[in-house]
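Here's the structure we're looking at; comments come further down.
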Amino acid sequence: MRGFGSARFRMKSSSGAAGLLWPLLGACLWATVVGYKPVIIVHGLFDSSEDFKKLERFINESHPGTNVTIIDLFDKGFSLEPMWKQVEGFKAAIYPIMQNSADGVHFICYSQGGLVCRGILSTLSDHNVHSFISLSSPQAGQYGDTDYLKYLFPQFVKSNLYHLCYTAIGQKISICNYWNDPHHRDLYVNSSDYLALINSERPNPNSTEWKKNFIKIKKLVLIGGPDDGVITPWQSSQFGFYDDNETVVEMQHQDLYLRDVFGLKTLAARGDLILCSVPGVEHVWWHSNETVFHTCMEKWLD
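Each number in our numbering corresponds to the 1-based position in the sequence shown with 104 added.
As structure tokens, then:
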């Protein structure tokens, strides 16, 4: 490190155009020596790439020279497009980054984006994702009377939204693709065109291949907290969910974990499943909270 320090001192003492080049060359050299993997960020419902500038700054401050790409697709209202459509769109944008990253990439996927990323990881056989950081994402589904629900479906509450969501029309809306009503389990399993499939809760001819693809990741980091206020139950961010009495059953006791249908138990057995729970964080602040970044994300981005 002393060598880098003295070199940097000499660089600063230079003048003119050559002096301006030295810091850039130094940063490139540092990134090359350290070798941080590129980070790809996928936003959530009603977000846009502009909402993740703080997170990008946190990454660049802790891992200088990291190539951070915030995918600018399906922004704002377009985030209501069906989940499989979003998976294919994001996949097309992300795949060239993977191909140009011989040592692999990291995913940070927020809220609904965490489910988009799962679809990508399940269906892309040659992905090279190392850390998949799922940031307050409804991985086991969503079932709650939130402000989002009131805004999107003012005539519905959680108890009757299944009348819309579990129809062909409803399944054209992203949130309905992962709406998981614990009181209408059979309707969910038979009607969900997205979550029930990637969770292998419905017989799926691709389930073996999708599991094989998914467990190629090196780390799965599941971040959430009790004061989220949107992801309902908040434990869905860590694959916990309600039973039919609306009692939360933690991930380790969920059927999809016990049967290892898409690889959670495999990842846990490898020591590659990390849960990070942080109290006091509301849903819209996860990606701009510096404590969350340093506590739950920073170490997995090398």
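No residue lacks a Cβ here, since even glycine has one placed at the ideal position from N, Cα and C.
Less than 6 Å between C-beta atoms, sequence neighbours within five positions excluded: which residues of the same chain meet that for residue i?
i, result
"Leu301", "Asn308"
"Val334", "Thr250 and His387"
"Ser153", "Ile174 and Asp176"
"His210", "Lys141, Val143, His234, Ser235 and Leu405"
"Leu253", "none"
May I have the straight-line CA-CA distance separating residue i from residue j, to the nearest angstrom?
i, j, result
"Asp155", "Ser183", "14 Å"
"Asp47", "Gln259", "The shown model of the chain, from 105 to 406, leaves out residue 47, and the question about it has no answer."
"Tyr282", "Ser340", "11 Å"
"Gly248", "Lys262", "6 Å"
"Arg289", "Leu377", "27 Å"
"Pro142", "Ser311", "29 Å"
"Leu129", "Gly169", "Residue placement at Leu129 cannot be trusted, given a pLDDT of 48 that sits under 50; the coordinates are not used to answer."
"Asp347", "Ala373", "25 Å"
"Trp188", "Ile327", "23 Å"
"Gly139", "Met401", "17 Å"
"Gly181", "Val233", "28 Å"
"Thr370", "Val325", "14 Å"
"Asn317", "Arg222", "10 Å"
"Lys276", "Arg306", "19 Å"
"Cys280", "Gly274", "6 Å"
"His391", "Glu165", "15 Å"
"Val396", "Leu219", "20 Å"
"Ile319", "Lys158", "30 Å"
"Glu192", "Glu354", "31 Å"
"Gln356", "Ser381", "16 Å"
"His267", "Pro242", "21 Å"
"Glu160", "Val146", "12 Å"
"Gly329", "Gly375", "22 Å"
Hey, quick one: how far does the alpha helix (DSSP H) through residue i stretch, first residue to last?
i, result
"Tyr266", "Tyr266 to Cys269"
"Val293", "Arg289 to Ser295"
"Thr312", "Ser311 to Phe318"
"Ile277", "Ile277 -> no alpha helix (DSSP H), and no H or E assigned at all."
"Ile302", "Leu299 to Ile302"
"Thr173", "Premise fails: Thr173 lies in the beta strand (DSSP E), Val172 to Ile174, not in any alpha helix (DSSP H)."
"Lys254", "Asp251 to Leu256"
"Tyr361", "Asp359 to Leu362"
"Arg374", "Leu368 to Arg374"
Starting from the C-beta of residue i, find all residues in its chain whose C-beta is less than 7 Å away, skip the five residues before and the five after it, and write them out in chain order.
i, result
"Glu350", "Pro286"
"Glu185", "Phe178 and Ser278"
"Asn393", "Val385"
"Asp331", "Pro383, Gly384, Val385 and Glu386"
Run the CB neighbour count on residue i, radius 10 Å, all protein chains shown included, and call it buried at 16 or more, exposed below.
i, result
"Ser215", "buried"
"Leu149", "buried"
"Ala244", "buried"
"Leu133", "A caution first: Leu133 carries a pLDDT of 49, below 50, which makes its placement in the model unreliable, though a value can still be read off. Exposed: under 16 other Cβ atoms inside 10 Å."
"Ser229", "exposed"
"Gly217", "buried"
Need the endpoints of the beta strand (DSSP E) that residue i sits in, please.
i, result
"Lys65", "Past the boundaries of the shown model lies residue 65; the chain is included only from 105 to 406, so the question cannot be answered."
"Pro214", "The residue asked about is misnamed: residue 214 is Tyr in this sequence, not Pro. Counting along the chain, the beta strand (DSSP E) containing Tyr214 begins and ends at Val209 to Tyr214."
"Phe236", "Val233 to Leu239"
"Cys380", "Leu377 to Ser381"
"Ile163", "That residue, Ile163, is in no beta strand (DSSP E); its alpha helix (DSSP H) goes Lys157 to Ser166."
"Val191", "Looking at the DSSP string, Val191 is not in any beta strand (DSSP E); the run it does join, the alpha helix (DSSP H), is Met187 to Gln203."
"Ile145", "Val143 to Val146"
Could you tell me how far apart the beta carbons of residue i and residue j are, in whole angstroms, since I believe they sit closer than 8 Å?
i, j, result
"Leu362", "Phe343", "Contact doesn't hold; Cβ gap of about 11 Å is too wide."
"Ile175", "Ala196", "About 10 Å; that fails the 8 Å criterion."
"Cys213", "Ser238", "6 Å"
"Ser226", "Lys323", "That belief does not hold up - the Cβ atoms of Ser226 and Lys323 are roughly 17 Å apart, past 8 Å."
"Thr336", "Gln203", "Wrong, their Cβ atoms sit about 38 Å apart, outside the cutoff."
Output needed for residue i: all residues of its chain with C-beta closer than 8 Å, excluding positions within five of it in sequence on either side, in chain order.
i, result
"Ser304", "Ser311, Trp314, Lys315, Leu360, Val365 and Phe366"
"Val352", "Pro337, Gln339, Gly344, Phe345 and Tyr346"
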